[in-house]
Every structure is written in C-alpha cells, then in structure tokens.
Amino acid sequence: MCGIIGAIGYPNAADALLQGLRRLEYRGYDSAGIAVSTKTGFDVRRAVGKLNALAEVISTSPLKGNTGIGHTRWATHGGVKIENAHPILAQDRVAVVHNGIIENHRTLRKSLEAKGCKFTSDTDTEVLAHLFVDAMDNTDNLHDATAKVLGQIEGAYAFVIMTTDYPDQLAIARQASPLAVGLTDEAIFVGSDAIAMGDVTQKIIFLKDGDYGTISHDHVHLSDSDGQTVNREVVVVAASPGLVSKEGYHHFMEKEIHEQPDAVLHTLSAMTDSNGGFHLPQFIDFTKLTAMAYLAAGTSFHAGLIGRYWMEQLADLPVVTEIASEFRYRHPSLRQISLALGISQSGESLDTLMALRYMAEKGVNTAALVNVDTSTMARESGLHLITRAGPEIGVASTKSYMAQMTVLLILAVVAGHQRGIIPDQRRQEIEAMLSSLPRLLGESMACSDTIKPMVARLAKAKSCLYLGRGTLYPLALEGALKLKELSYIHAEGYAGGEMKHGPIALIEEGLPVVAILADDEHLGKMISNVVEAKARGADILLVATDSAARQVVEESPELAEMVVTVPDCDPLLAPLLLSLPIQFLAYFTAVHKGTDVDQPRNLAKSVTVE
Ligand code: M6R
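According to this note's numbering, the sequence shown is numbered sequentially starting from 18.
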C-alpha cells in the first residue's frame with residue numbers, strides 16, 4: 018500500500034531513490050520522504066502530498082549520500098501529516114520505511130513507552146524503529162538485531178532499516194507485503210517491486226514471506242523464517258518501461274481507456290495459436306473440475322462476476338465469485354471447489370493474495386490472472402494467466418479490467434469446448450467474434466463525443482443509480498464504483514430486477530439512473546425496469562448497443578433524457594463494449610468536477626494491507 022525503496026553504495030542515491038518513488042507512487046500518495054546516511058547521522062526530507070511536493074523540497078535543499086531509503090505513503094495508522102511521513106526515526110540511530118501494518122503495535126508501544134521511549138508520530142512504524150534501537154543494544158550484528166525485532170512483531174509488513182550503528186548495511190524483511198532486492202555492479206537496491214528499480218537494474222531477487230536479512234553495497238545476506246541462511250534465485254526481469262508518459266492525453270486514465278483495443282489485442286495474441294484458435298499458456302483439464310472460485314477485489318471482482326456468468330453459461334461449470342477480503346473469514350465450504358482463480362491487476366492485493374493462500378493451504382489448486390507478471394500472485398500460483406494490458410498508472414482500473422474480461426471469456430470458451438458444451442462451430446464463432454473486439458472497441462471510442470456534453474447534469478447529482486441485468490449487472494456495479502472513486506458522487510449498482518425489492522424507494526424527481534442495455538434476452542425486462550424508474554421521476558441515461566437503444570426509443574420514445582450507444586455485438590461481447598461509455602461517463606464527470614482523476618483522494622493503486 019505504501020511504496021518503499023532503499024539503495025546502498027549508489028552515487029547520489031537520493032536521485033535514484035526519488036526516481037524509484039516516482040515508479041512507486043501508484044502505491045500511495047499521501048506523503049513521501051527520503052533519508053540518506055551522512056557522516057554524522059541522517060539527512061531527512063519529508064513532505065505531505067504528492068511526490069512533487071517532496072521533489073520540490075529536495076530541489077531547494079538537496080540530499081547528498083550514497084546510502085538512503087525512501088517512502089511514498091498511503092496512510093493506515095496515523096493521519097496524513099508530516100510527523101507520520103516516513104522515514105520515521107528513533108533516537109537518530111534508526112530510520113525506517115515500512116509498508117503494511119504491525120498488528121500488535123499498541124501493546125509494543127505501551128511497553129516501549131514504559132521503558133522511556135519517546136514517540137513523535139502516531140504510526141505503527143515508529144514501534145519498529147524503537148524496537149531496532151533496543152535490539153541493536155542487545156545483539157552484536159544487524160542481522161541478529163533484525164531477527165530479534167521480527168520475533169516481537171505480528172502483521173503483514175515489508176521494511177527497510179538504515180542505522181548509524183551499521184552505516185554500511187541496510188536491514189530488510191518481508192512478511193505478506195512485497196519486497197525485492199535489485200543488484201547492480203556498484204550498488205544494491207531494495208524496493209517494493211521490480212518496477213521501482215527499473216531504471217537501475219533488471220537483476221532481481223524476490224524475497225519470500227518470512228525472509229529477512231541485510232544488504233551491503235556488494236552482498237546480500239538472507240535468512241528464511243526459521244533463521245536458516247537462504248540463497249534466493251536472481252531473476253532477470255523484462256526491462257520495465259521508463260516512466261510511462263501521458264502521450265498527449267490529459268490523464269493516464271484517458272490514455273488507458275484509449276489503449277483498450279491494444280490491451281485486448283495483445284492479450285488475445287498471447288492466447289491465440291497460428292490458426293486463430295484459443296490456447297491457454299498452461300493446460301487446464303476443465304473436464305476434471307467440479308467447481309471454481311474466482312477471488313478478487315474492486316474492479317477485478319466485477320470482472321470475476323462477469324466471468325462467472327460466462328463460465329456457467331458456456332461450460333456448465335459452477336463458479337463462486339467472492340470478495341477476497343470476506344472469503345476466508347466466512348470459513349467457506351470448499352468441497353466442490355477444485356480450482357481457485359485469483360483475479361488482480363497488480364497481483365499484489367493482499368486480500369486476494371491471502372484468499373489464494375488460504376485455498377492453497379486447504380489443498381485447492383490455485384491460479385492467478387494478473388497484469389504484472391513478476392507479481393507475488395504470479396510467482397506463487399502454480400498456474401498463471403497474464404493480461405497484456407501494459408502498465409496501468411491511473412488508480413481507476415480500465416484497460417486491465419477489459420483484458421481480464423477477455424481472458425475470462427476465453428477461459429469459459431475453452432472450458433465449454435473441453436466439457437463438450439460448446440461445439441466446434443460455436444467455439445470458432447466466438448474466436449472470430451473476439452478477434453474483432455479490438456476493432457469494435459476502436460469504433461466504440463466515438464461514444465466519448467456524445468458523453469462529454471452530458472456530464473454537466475450528472476456532475477451536479479448527489480447520488481446516482483446504475484442498472485443492468487445478466488452480465489450487465491456486474492457492469493452496473495463497476496459503473497457505480499468508477500463514479501464513486503473518481504468524482505466522489507454516491508452511486509449504487511443494482512440488478513434491474515432487484516429494484517422493486519427495495520432500492521426503488523430511493524428514486525425521486527431528478528435522480529440520475531444509468532440504464533445499461535444490450536439486445537439480449539433481458540432487454541424486454543430491463544425496459545420495464547427503466548420505465549418503472551422513469552415513472553417515479555428518475556432522469557434516465559441510456560447506455561446501450563445501437564439496436565437495444567432503437568428498440569427502447571420505439572417502445573417508449575420519451576423514456577431517456579440522454580442516450581449513448583456502442584455498435585451492435587453478440588451479447589457475449591456487450592459487457593466489454595459497454596464498459597467504454599461507462600468509463601468515459603465517470604472520467605468526464607470527474608474532469609468536469611475537477612477532481613484528481615489519476616490519483617483520487619484516499620485511494621492507492623495497489624492495496625497491500627488488509
Ligand atoms: O490490483 P487489483 O486488481 O487486485 O486491485 C483490486 C482493486 O483494489 C482495484 O480494482 C480498485 O477497486 C480500483 N481502484 C478500481 O478502479
């Protein structure tokens with residue numbers, strides 16, 4: 018959730034650390050800081066707000082040194098204020114950057130205070146800093162001091178520690194939050210992910226849970242959770258792109274919406290053989306599966322809901338799609354589930370990771386559908402499927418969601434074919450249809466021109482409802498999430514048929530209702546649901562395929578205040594194509610309101626705390 022980075026032995030470390038933090042800003046942007054080691058102690062710069070605030074501070078007061086640590090924060094314990102920004106110091110002997118939560122920090126803090134420790138922040142992190150001071154007083158090397166501290170803390174964390182006692186080393190540890198070491202000829206780096214170190218190296222060691230140790234400028238000393246020295250493999254990762262630019266778009270989100278035809282094209286290419294048929298990178302015997310679980314959070318969860326409709330409809334294979342943060346805590350009955358698929362853009366969302374680990378512990382095979390191929394989920398799952406959406410920088414998921422749906426549809430088709438539910442001909446039809454998806458998405462981009470002038474009304478709304486049926490119901494949930502997170506307008510998504518069971522009471526004069534329709538088996542019933550909303554005063558905004566919109570207008574010419582359409586398509590493709598107007602609607606509303614589109618308040622791109 019926070020991004021951490023460290024460097025030891027690198028000339029002008031602060032420049033490299035700041036660059037690394039820019040690559041990590043997706044993990045949090047409440048405050049940021051860098052500390053470097055000096056002859057007399059530490060030199061620290063911190064700033065509240067986005068990374069540019071820190072860059073500004075450093076440009077007026079530069080940092081010099083070849084060893085340092087940096088942090089970009091998403092606040093958990095303690096508000097967004099300078100005192101809580103990392104690096105957090107204790108007694109000018111220890112500086113800490115930390116990602117995650119020390120769950121027993123209250124108890125530890127009390128006992129440290131009882132020993133006379135003075136705390137200057139509200140963070141759980143400061144506990145770590147004081148524990149290190151204490152541990153260094155009671156051990157004779159930094160490695161043992163780290164082991165001693167780890168014996169006292171509980172929770173999910175990754176941290177980097179710089180000390181004045183051992184100025185030539187950094188202490189590092191990982192438990193459930195990601196951490197990787199980057200090797201260069203002259204120096205060693207450590208960071209929350211390989212991308213953070215992408216400017217300086219591609220040679221990466223991914224720590225495993227429970228690993229801890231020390232690094233110097235030319236040596237990595239790691240131990241596993243049992244204290245045994247371990248040599249983790251050095252992996253050469255693909256060159257990570259330089260800092261991705263907006264390429265003329267106003268926001269990353271706008272750019273990423275427009276990149277969706279490419280995201281689908283690349284994802285399809287990686288899963289298509291030379292005859293144009295779908296193939297999975299690793300074989301899954303769907304005939305042997307009794308049921309699947311799709312585990313995910315946020316937008317990825319919505320993709321999983323749509324995927325469930327497809328898998329059940331096309332392959333007659335039962336799927337439960339669950340919010341990952343709830344799954345293991347409800348002690349689910351797993352008897353029927355023979356494969357659990359974690360769906361995640363980042364591959365790092367802790368809720369999803371923990372749900373997958375829970376399934377693995379229970380003996381269920383696990384697979385991961387991720388956009389970051391070096392992520393923890395990809396590395397931990399026996400089977401992984403990669404969406405080829407490319408780096409997604411905007412906090413709101415768009416192109417990764419589109420690519421997830423693409424893969425989930427392919428999975429359902431392959432499963433349906435293997436299980437004898439889909440005959441060859443239907444499979445080929447769907448393959449051909451999907452190969453035209455990038456083109457259809459390209460054509461659908463034109464809907465943005467219709468949407469732009471519509472948003473002024475929506476931007477004034479206090480609340481908004483999204484309705485859909487079938488696979489367009491999860492899209493209604495997704496539309497509501499996008500509007501909430503980007504423009505801070507309260508929004509709810511409902512299944513059209515569920516309205517009459519309560520939510521219809523919310524409808525009053527002028528309430529915007531976004532009705533999502535395709536020319537599918539639900540169209541007639543959806544029109545009735547929308548008519549019911551209109552009769553109670555709602556302002557209807559129709560988001561529909563061309564022919565669905567035509568039928569609505571024929572049946573009820575006065576129904577919609579505003580209509581936005583995408584080209585006609587098979588109902589299987591409707592949730593993909595109709596995602597575009599749904600994303601544009603949220604995007605332009607946020608732009609109209611002047612909110613921070615790429616970094617909305619209180620959010621982070623990757624959520625690695627529970
Ligand atoms: O990286 P993940 O796909 O696991 O992330 C899951 C959610 O945190 C993410 O989809 C979130 O809901 C986005 N902000 C939605 O736009």
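Note that the Cβ used here is the ideal one computed from N, Cα and C, for glycine as well.
Who are the Cβ neighbours of residue i in its own chain at under 7 Å, not counting the five residues just before and after it?
{"i": "valine 548", "result": "Ser573 and Leu576"}
{"i": "proline 104", "result": "Gly50, Ala52, Val61, Ile86, His88, Ala112, Val113 and Val114"}
{"i": "valine 430", "result": "Phe295, Leu331, Ile439, Arg444 and Ile447"}
{"i": "phenylalanine 269", "result": "Lys263, Ile410, Gly411 and Asp615"}
{"i": "glycine 45", "result": "Met18, Cys19, Gly20, Thr89, Arg90, Trp91 and Ala621"}
{"i": "glutamine 421", "result": "Ser317, Ala320, Ile360, Leu386 and Thr404"}
{"i": "glycine 293", "result": "Glu448 and Ser452"}
{"i": "arginine 40", "result": "Ile212, Ala213, Gly215 and Leu260"}
With DSSP collapsed to three states, give me the class of residue i.
{"i": "threonine 338", "result": "strand"}
{"i": "isoleucine 301", "result": "coil"}
{"i": "isoleucine 178", "result": "strand"}
{"i": "glycine 172", "result": "strand"}
{"i": "lysine 263", "result": "coil"}
{"i": "cysteine 464", "result": "helix"}
{"i": "alanine 565", "result": "helix"}
{"i": "tyrosine 326", "result": "helix"}
{"i": "asparagine 155", "result": "coil"}
{"i": "proline 646", "result": "Outside the shown range of the chain (18 to 627) lies residue 646, about which nothing can therefore be said."}
{"i": "threonine 163", "result": "helix"}
{"i": "glycine 514", "result": "helix"}
{"i": "valine 431", "result": "helix"}
{"i": "glutamate 271", "result": "helix"}
{"i": "isoleucine 439", "result": "coil"}
{"i": "glutamine 192", "result": "strand"}
Of all the options the options, which has the alpha carbon lying nearest to the alpha carbon of residue i?
{"i": "alanine 476", "options": "Ile468, Ile506, Ile439 and Met450", "result": "Ile506"}
{"i": "glycine 364", "options": "Ala30, Phe136, Ser194 and Lys56", "result": "Ser194"}
{"i": "proline 491", "options": "Thr307, Tyr27 and Ala591", "result": "Ala591"}
{"i": "leucine 494", "options": "Asn69, Ile468, Ser596 and Asp243", "result": "Ser596"}
{"i": "leucine 489", "options": "Ala535, Thr338 and Glu171", "result": "Ala535"}
{"i": "glycine 172", "options": "Ala131, His122 and Gly208", "result": "His122"}
{"i": "cysteine 134", "options": "Leu106, Ile524 and Thr57", "result": "Leu106"}
{"i": "valine 530", "options": "Pro184, Lys551, Glu515 and Lys165", "result": "Lys551"}
{"i": "lysine 127", "options": "Asn116, Asp109 and His147", "result": "His147"}
{"i": "threonine 391", "options": "Glu130, Ala211 and Ala131", "result": "Ala211"}
{"i": "aspartate 333", "options": "Asp241, Arg249, Gly293 and Ala432", "result": "Ala432"}
{"i": "glycine 82", "options": "Glu73, Gly58 and His539", "result": "Gly58"}
{"i": "methionine 214", "options": "Asp466, Ala72 and Ala30", "result": "Ala30"}
Measuring CB to CB, does residue i end up less than 7 Å from residue j?
{"i": "leucine 503", "j": "alanine 603", "result": "yes"}
{"i": "alanine 532", "j": "alanine 406", "result": "no"}
{"i": "glutamine 186", "j": "threonine 231", "result": "yes"}
{"i": "arginine 345", "j": "alanine 372", "result": "yes"}
{"i": "alanine 313", "j": "glycine 324", "result": "no"}
{"i": "valine 144", "j": "leucine 125", "result": "yes"}
{"i": "phenylalanine 136", "j": "isoleucine 178", "result": "no"}
{"i": "threonine 687", "j": "glutamine 435", "result": "Outside the shown range of the chain, which is 18 to 627, sits residue 687, and nothing can be said about it."}
{"i": "isoleucine 75", "j": "isoleucine 119", "result": "no"}
{"i": "valine 630", "j": "lysine 225", "result": "Residue 630 falls outside the range modelled here, since the chain spans only 18 to 627, and no answer is possible."}
{"i": "threonine 606", "j": "valine 583", "result": "no"}
{"i": "lysine 416", "j": "glutamate 578", "result": "no"}
{"i": "valine 642", "j": "cysteine 464", "result": "Residue 642 lies beyond the range of the chain shown here (18 to 627); nothing can be said about it."}
{"i": "alanine 508", "j": "cysteine 481", "result": "yes"}
{"i": "isoleucine 599", "j": "glycine 496", "result": "yes"}
{"i": "isoleucine 222", "j": "valine 253", "result": "no"}
{"i": "glycine 513", "j": "leucine 484", "result": "yes"}
{"i": "alanine 204", "j": "histidine 238", "result": "no"}
{"i": "serine 564", "j": "aspartate 537", "result": "no"}
{"i": "alanine 175", "j": "asparagine 116", "result": "yes"}
{"i": "serine 461", "j": "leucine 594", "result": "yes"}
Taking 6 Å as the limit between beta carbons, can you name the residues of its chain near residue i, skipping five residues before and five after?
{"i": "histidine 283", "result": "Arg405"}
{"i": "leucine 528", "result": "Ala555"}
{"i": "threonine 307", "result": "Gln353 and Ser355"}
{"i": "alanine 162", "result": "Ala152, Met153 and Thr156"}
{"i": "serine 366", "result": "Ala314 and Val624"}
{"i": "alanine 310", "result": "Val337, Ile354 and Ala357"}
{"i": "tyrosine 418", "result": "Thr316 and Ala320"}
Is residue i near ligand 3, with its Cβ less than 6 Å from a heavy atom?
{"i": "valine 614", "result": "Judged by which ligands are present, ligand 3 is missing from the structure shown, whose ligands are ligand 1."}
Who are the Cβ neighbours of residue i in its own chain at under 8 Å, not counting the five residues just before and after it?
{"i": "aspartate 139", "result": "His94, Gly95, Gly96, Glu100 and Asn101"}
{"i": "threonine 13", "result": "The displayed coordinates of the chain run from 18 to 627. Any statement about residue 13 would go beyond what the structure contains."}
{"i": "alanine 33", "result": "Ala24, Tyr27, Phe206, Asp216 and Val217"}
{"i": "glycine 459", "result": "Pro278"}
{"i": "proline 184", "result": "Ser54 and Thr84"}
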